[in-house]
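Trainee: Top to bottom, those sequences are chains F and W. According to the numbering used here, the residues represented by the first sequence are 1279 to 1543, in order. According to the numbering used here, the residues represented by the second sequence are 930 to 1098, in order. Virtual Cβ for every residue (Gly too), placed ideally from N, Cα, C. Values in this document were obtained by computation on a predicted structure and should not be read as measured data. I have a structure here, written as structure tokens, and I will follow up with some questions on it.
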Amino acid sequence: MVDPKTDNKDSKELVRTEFGANGHIQPGRYYGHGLPYLPIDQYPGKIIAIEGTDGVGRSTQIQLLREWLEVQGYGVVETGWTRSALMQPTIELAKSSNTLNKLTFVLLYATDFADRLEKEIIPALKAGFVVLSDRYIFSALARAGVRGVDRAWLRSLYGFAIAPHLVFYLKLDVDTLIRRVLSARGMDFWESGMDLKGGDDIYDSFRSYQNKLLREYGSMADEFGFRMLDARKPVDVLQEELRRQVGAFLSGSDISVDGREVSGG
Amino acid sequence: MGKKKNSLTPTTFSLLHATDFADRQLYNIVPPLKAGMIVLADRYAYTAFARDVARGVDRAWVRDLYSFAVRPDLALYFRVPIDVSLDRLMARRVKLKFYEAGLDMGWSLNAQESFRIFQGKVLEEYDRLIDEFGLSVIDASLSITDQQQTVRNLVSRQLERPALEAVSQ
């Protein structure tokens, strides 16, 4: 806790967890303290996370990847930010009423993630599914990091998250991103980081915010073993690359196809 | 919200309470502190440390989760044996609440039995907190008058004012 009489930074009496240090956390394991009441050792399922800012084409790629995986005979479960039954209404309400500060926002997102982790992701892993995650914890870490939330604290907070087997980061430069967002649906308040109060101009705010986000994602690439993909490439070329890497990974794993064990790994 | 559907897990339970605390700290705790006022908090982060760990979340994790909390100048822990607290609740004919009785943990279908098991673990955790965070323990099986006298003495000492003056006001 913070001692009001001393400088905040010197009063951290708690031991921080080594979190995802250079990708050394084994995929399928908890990053940090984990959930002591839910041991997850040796589950057959796999988590594949697709990360990237808004407008990089994540949902299109996930849809195509899902169809392909299902044709191959894999069971697929999809999960994505703020989709938990528990938290979605609260988060939508909080976003529209603008009463949240950065800390409560971070905690609501973490609650949403925890709910999906325990109720969707872990059961799916246990049952041998491929979990396609539209964003994972990295988007939350990036958004909070840009807003000045302590990075070590964020990593401890998300210590209950499971390290994905694959993380694809769809990278897009700001200029291309802006044109895509504008031609698709326009800039919205939160995506533009207007809560950071960098000015009234939504274009300037969007550009500056997205630049900061990109830097934040970039700084996590090594730490979490991102596989970078160039999101400027056409949809089918990008999909081809995803399928190649996912296929190579899954064929070397012991996950079951059509109910049969493909014992390779 | 979640509580009504009985759908919280130990971790989402813990995180929602932390969210609520962060919100209250922002609006109800920090502004009066800055104004030089006294904030009386009925339960604090310590409740989470005891209750959430009793539910099975990691001890270090929940402490780190609350590292944004302002450390209180004085923390009073009213300690009472389980039997006494259960008797008091029963005497008031209070229906034990689902989460308060730890019924979400599935240790017992009987609310009283579940309460006993769950609160037993909560008390064990509180006992760890006494030294770790320097809680001032008040024997809550004593009379209210005696407890209040102890509280006033402790608070007065904290405020560095004579006890009698503080009580008479």
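1. With 7 Å as the C-beta to C-beta threshold (strictly closer), list the residues of the region 992 to 1011 of chain W near chain F in chain order.
2. Look at the alpha carbon of Q1076/W and the alpha carbon of I1067/W, and state the distance between them as a whole number of angstroms.
3. Run through chain F and tell me which residues come within less than 8 Å of L955/W, C-beta to C-beta.
4. Under the assumption that T1389/F contacts L944/W (Cβ atoms under 8 Å), give the Cβ distance between them as a whole number of angstroms.
5. Report the rounded CA-to-CA distance for V1173/W versus L1371/F, giving the unit in angstroms.
6. Please report the Cβ distance between L1450/F and F1527/F, rounded to the nearest whole angstrom; I am assuming they are in contact, meaning their Cβ atoms lie under 8 Å.
7. Quick one: is K1324/F buried, meaning 16 or more other Cβ sit within 10 Å of its Cβ, or exposed?
8. Just how far apart, CA to CA, sit A989/W and I1399/F?
9. Applying a beta-carbon distance threshold of less than 9 Å, which residues of chain W neighbour Y1487/F?
10. Find the residues of chain F that neighbour A951/W, judging by a C-beta separation of less than 7 Å, and give them in chain order.
11. Have a look at the DSSP bridge pairing and note the partners of S1531/F.
12. How would you write the range of the beta strand (DSSP E) that F1446/F sits in, first residue to last?
13. Can you name the residues of chain F whose CB is closer than 9 Å to the CB of G985/W?
14. Determine the extent of the alpha helix (DSSP H) in which E1054/W is found, giving its start and end residues.
15. Along the chain, which unbroken stretches of the alpha helix (DSSP H) at least 4 residues long are found entirely within the region 1392 to 1437 of chain F?
16. According to DSSP, is T1357/F helix, strand or coil?
17. Chain F partners of W1036/W, CB-CB under 7 Å?
18. Between the region 1363 to 1370 of chain F and the region 1407 to 1426 of chain F, do three or more beta carbon pairs fall short of 8 Å?
19. My guess is that Y1309/F and K1404/F are in contact by the Cβ rule of under 8 Å, so how many angstroms apart are they, rounded?
20. Looking at the C-beta of P960/W, does it have a partner C-beta in chain F at a distance below 8 Å?
Mentor: Taking the definition as stated:
1. R992, D993, L994, Y995, S996, F997, A998, V999, R1000
2. Working through the second sequence from its first residue, we reach residue 1076/W at position 147. Working through the second sequence from its first residue, we reach residue 1067/W at position 138. Between Q1076/W and I1067/W, the C-alpha separation is close to 7 Å.
3. Taking the second sequence and counting its residues from 1, one reaches residue 955/W at position 26. Ordered by position in chain F, the residues that pass the 8 Å Cβ test against L955/W are N1379, L1381, T1382.
4. Here residue 1389/F is taken as the residue at index 111 of the first sequence, counted from 1. Here residue 944/W is taken as the residue at index 15 of the second sequence, counted from 1. That belief holds up - the Cβ atoms of T1389/F and L944/W are roughly 4 Å apart, short of 8 Å.
5. Residue 1173/W lies beyond the residue range present for chain W, which begins at 930 and ends at 1098; the question has no answer from this structure.
6. As a first step, residue 1450/F is located in the first sequence; it is residue number 172 there, counting from the start. As a first step, residue 1527/F is located in the first sequence; it is residue number 249 there, counting from the start. So it is not a contact: roughly 24 Å between Cβ atoms.
7. The sequence position of residue 1324/F within the first sequence is 46, counting from 1. Buried is the call here.
8. Counting from 1 along the second sequence, the entry for residue 989/W is found at position 60. Counting from 1 along the first sequence, the entry for residue 1399/F is found at position 121. Distance between the alpha carbons of A989/W and I1399/F: 24 Å.
9. Position 209 of the first sequence, counted from the first residue, corresponds to residue 1487/F. Ordered by position in chain W, no residue passes the 9 Å Cβ test against Y1487/F, which lies about 22 Å from the chain.
10. As a first step, residue 951/W must be located in the second sequence, where it is residue number 22. L1381, T1382, L1385, listed in chain order.
11. Numbered from its first residue, the first sequence carries residue 1531/F at position 253. Looking at the DSSP assignment, S1531/F forms no beta bridge with any residue, so it has no partner.
12. Taking the first sequence and counting its residues from 1, the one referred to as residue 1446/F is at position 168. Taken as a continuous stretch (DSSP letters only), the beta strand (DSSP E) holding F1446/F covers 1444 to 1449.
13. Residue 985/W sits at position 56 when you count from the first residue of the second sequence. Going along chain F in sequence order, the residues near G985/W (Cβ under 9 Å) are L1313, P1314, Y1315, L1316.
14. Sequence index remark: in the second sequence, residue 1054/W carries index 125 (1-based). From DSSP, the alpha helix (DSSP H) with E1054/W extends over 1040 to 1062.
15. 1400 to 1404, 1415 to 1424, 1429 to 1435
16. For the purposes of this step, residue 1357/F is taken as the residue at position 79 of the first sequence. T1357/F: strand per DSSP, three-state reduction.
17. Start at 1 with the first residue of the second sequence, and residue 1036/W comes out as number 107. What W1036/W touches in chain F: nothing, since even the nearest Cβ is about 12 Å away.
18. no
19. Within the first sequence, residue 1309/F is the residue found at index 31, counting from 1. Within the first sequence, residue 1404/F is the residue found at index 126, counting from 1. In fact, because the Cβ distance is near 19 Å, the residues do not count as touching under 8 Å.
20. On the second sequence, residue 960/W is found 31 positions in, with the first residue counted as 1. For P960/W, the answer is no, since every Cβ of chain F falls outside 8 Å of its Cβ.
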